[in-house]
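The structure under discussion appears below in the form of structure tokens.
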Amino acid sequence: MAGAGAPAAPQAARPGFDVIVVGAGIMGSCTAHAAASRGSRVLLLERFDLLHPLGSSHGDSRIIRDAYAQPRYLRMVRLARRLWAAAEAEAGYRVLTPTPHLSMGPRASAALAAAVANIGAEEVVADDLGSRWGGAFAFTVPDPSDGWVTALSDHGGVLSATKAVAMFQSLAVAKGAVVRDNTEVVGIDKAPEGGVVVRASGGEAYHGAKCVVTVGAWAAKLLGSVSGVDLPITPLHTLHLYWRVKPGQEQSLSASAGFPTFSSYGDPPVYGTPSLEVPGLIKISCDGGPPCDPDSRDWLAGDAEVTDRVARWIQEAMPGHVDAAGGPVVRQSCMCAMTPDSDFVMDFLGGELGRDVVVGVGFSGHGFKMGPAVGRILAEMAIDGDSKMAAEAGVDLGFFRIGRFDGNPMGNAKKD
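Here you go:
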């Protein structure tokens, strides 16, 4: 036993932060909030200005819908809805406008059939559509006898995207998180004394017990450079298009009138939101876009092709309500970080960095709505080594592992 006057044994230096989150889009901001809510010392780093329009989390709107063919996403959306409501209550303002959701497309579409069945949506026929809201329903769709399905559920909604990101950043800061923008991360190294050192291009070095990487379209570049992991994530350049509502139809296509968010599973795969963020305009776009390098994008890539496809769809499906002839009034560029199977990546990076680095990337154009659920899961993985909330919600994280691509470049694509 040491004598009374013996010096105390030296203790290992405590890392500067418990959790360092790299990337301040919706996923990173939700992760920072979730970790800070646990009492963790959190640092949130963003390469560009906060709320920038260069990635995947900006803009006026995103759809939230329960209509999913895969039960894992249905469970995650329902979990996310609870967390969206809790965050709105904490912030004192709203970022989610509830609406119905309309799913439509060929009856032969297995994805559509499964999505409709999973949520118990009400199948409606074309004759009912025009009268459901006193004539407000605007779609001209084929009859069921022609092999077409139109199904309605109460579980849609519009999320104000940039406002939502700002909300979670503000809530995180209120709980003690530190936020640094214009800080490009160029390295993540194992610290000799434990934890990680996150290095920025300006020479800064941040020491954390754990790190969570949520960098969207830059995932393959950053993770490849820091760990050698070759993630099959392809950034796509996408467009959000806003079209002018025809005179006299402005109210009927509005969220306040009950007009739904909608998804068409035909060709092209079109989606839209009611007139909400810009009076007199309605957002109608289609999935997909050309591959791009996030650091050297062609901002006009695919513009004419996408615009033409959506315009033709409008002329066939909404001819009396939306003006397609004049072209879109507003074009907003975005990016989707696609995996081969369109499933997310939520896993430990492994290798030398082991379980000290958690990866949340590859959200494939349908992750925004699940941001609060993803953020909670990633924060729990970093802090606890696993996610209790995912288990309680029935979300099998095995679907989201990096290892699913080992020896199978298509990942989960053959499992569903």
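Per UniProt numbering, residue 1 is the first one in the sequence shown, and the count goes up by one each step. Every residue gets a Cβ at the ideal spot worked out from N, C-alpha and C, and that includes glycine. Everything numeric in this text was worked out from a predicted model, so none of it was measured.
Alpha-carbon spacing of residue i relative to residue j, whole angstroms
i	j	result
residue 357	residue 232	18 angstroms
residue 118	residue 290	31 angstroms
residue 17	residue 109	48 angstroms
residue 169	residue 45	11 angstroms
residue 225	residue 295	15 angstroms
residue 298	residue 306	14 angstroms
residue 386	residue 380	6 angstroms
residue 51	residue 89	22 angstroms
residue 101	residue 77	14 angstroms
residue 105	residue 83	31 angstroms
residue 327	residue 205	49 angstroms
residue 57	residue 235	14 angstroms
residue 374	residue 364	14 angstroms
residue 283	residue 243	6 angstroms
residue 456	residue 138	The requested residue 456 does not occur in the structure, where the chain is confined to residues 1 to 416.
residue 42	residue 216	20 angstroms
residue 203	residue 349	24 angstroms
residue 239	residue 366	14 angstroms
residue 406	residue 141	43 angstroms
residue 187	residue 148	51 angstroms
residue 25	residue 146	43 angstroms
residue 123	residue 70	19 angstroms
residue 199	residue 178	16 angstroms
residue 180	residue 265	41 angstroms
residue 48	residue 144	49 angstroms
residue 429	residue 54	No statement about residue 429 is possible, as the shown extent of the chain runs from 1 to 416 and does not include it.
residue 362	residue 287	15 angstroms
residue 34	residue 222	23 angstroms
Assigned exposure category for residue i - 16 Cβ within 10 Å defines buried
i	result
residue 370	buried
residue 249	buried
residue 125	exposed
residue 388	exposed
residue 247	exposed
residue 343	buried
residue 263	buried
residue 134	Bear in mind that a pLDDT of 45 at residue 134, under 50, signals an unreliable position, so the model cannot answer this.
residue 60	buried
residue 279	exposed
residue 40	buried
residue 411	buried
residue 161	buried
residue 120	exposed
residue 391	exposed
8 angstroms contact criterion, which residue i and residue j should meet: CB distance rounded
i	j	result
residue 395	residue 81	With a Cβ gap of about 14 angstroms, residue 395 and residue 81 do not count as contacting.
residue 214	residue 22	7 angstroms
residue 159	residue 62	5 angstroms
residue 425	residue 360	Because the chain is modelled from 1 through 416, residue 425 falls outside the range shown and cannot be assessed.
residue 321	residue 253	6 angstroms
residue 285	residue 245	About 16 angstroms separates the two Cβ atoms, so there is no contact after all.
residue 347	residue 400	6 angstroms
residue 276	residue 255	5 angstroms
residue 258	residue 36	At roughly 37 angstroms, the Cβ-Cβ gap does not stay under 8 angstroms, so residue 258 and residue 36 are not in contact.
residue 261	residue 65	6 angstroms
residue 210	residue 324	The Cβ separation is near 50 angstroms, so there is no contact.
Coil, strand or helix - residue i by DSSP
i	result
residue 293	coil
residue 242	strand
residue 319	coil
residue 122	strand
residue 47	coil
residue 68	coil
residue 18	strand
residue 233	coil
residue 402	helix
residue 97	strand
residue 73	helix
residue 423	With the chain covering only 1 through 416, there is no way to say anything about residue 423.
residue 256	helix
residue 31	helix
residue 135	Low confidence applies here, because residue 135 scores a pLDDT of 47, under 50, leaving its location unreliable and the question unanswered by this model.
residue 103	strand
residue 213	strand
residue 116	helix
residue 38	coil
residue 281	strand
Could you give the uninterrupted runs of the alpha helix (DSSP H) lying entirely in the region 142-210, keeping only those of 4 residues or more?
-> Those alpha helix (DSSP H) runs which fall completely within the region 142-210 and span 4+ residues are 161-174.
Completely contained alpha helix (DSSP H) runs for the region 301-380, where each covers 4 or more residues = Fully enclosed alpha helix (DSSP H) runs of no fewer than 4 residues occupy 303-317 of the region 301-380, in order along the chain.
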